[in-house]
Amino acid sequence: MKRVLIVDDQADLRRLVRWSLEMLEDGVELHEANGSAAALRMAESIKPDLVLLDVMMPGPMNGLEVCRQLRAMPDLSHTKIVLVSARGQINDVREGVAAGANSYIVKPFSPQKLLDTVESMFTKADSSKEPS
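Using the UniProt record's numbering, you'd call the opening residue of the sequence shown number 1 and step up by one each time.
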């Protein structure tokens, strides 16, 4: 079963994401963190297959910095990361990709958009494990 870490300082958004992901046919193991420090600790502990990461969080680290730190950890360098943000200009997306994100979703988003993105990340991860 795939492990997904949901990182957002807003409990309502974490609930919406959790509710949406519970619809996945193959099922996922869901974990939540409400900030950057908790996200890094939890990611090191559970080794998620996918991190859904809010960009604009209060505190010393925003989601872009968390993304960079996850990419720097050998055990997590191949974890798929989807940034989630209300900021959706092309420069915002470029900055997210430069930080190491695999994808970027702009809030507000539909549950279907979230599911499509997550399934796409899992498909890419599975196909990269197949022998060439």
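Quick reminder that beta carbons are idealized off the backbone N, C-alpha and C, glycines included.
What you are looking at is a predicted structure, and each value in this text was computed from that prediction instead of being measured.
Please look up how many angstroms separate the CB atoms of residue i and residue j, rounded, as I've assumed it's under 8 Å.
i           : j   : result
residue 133 : V97 : Any property of residue 133 remains undetermined from this structure, which presents the chain solely from 1 to 132.
F122        : K47 : Not a contact, Cβ separation roughly 15 Å.
L83         : A72 : Wrong, their Cβ atoms sit about 16 Å apart, outside the cutoff.
A86         : M56 : 7 Å
Judging by CA-CA distance, which residue of the options is the nearest neighbour of residue i?
i           : options            : result
V118        : I81, G88, N91      : I81
S45         : L70, V55, L24      : L70
F109        : Q89, S77, L13      : L13
S77         : I90, R94, V51      : V51
L64         : G35, K113, E25     : G35
residue 139 : L24, L30, H31, N91 : With the chain covering only 1 through 132, there is no way to say anything about residue 139.
M61         : D75, D49, A38      : A38
Residue i by DSSP, collapsed to three states: which one?
i    : result
K124 : helix
P131 : Unreliable positioning characterises P131 in this predicted model, as indicated by a pLDDT of 40, which lies under 50. The coordinate reading is nonetheless provided below. Three-state result, P131: coil.
### Query
In chain order, which continuous runs of the alpha helix (DSSP H) of length 4 or greater are located wholly inside the UniProt domain "Response regulatory" (3-122)?
11-21, 36-46, 63-72, 90-99
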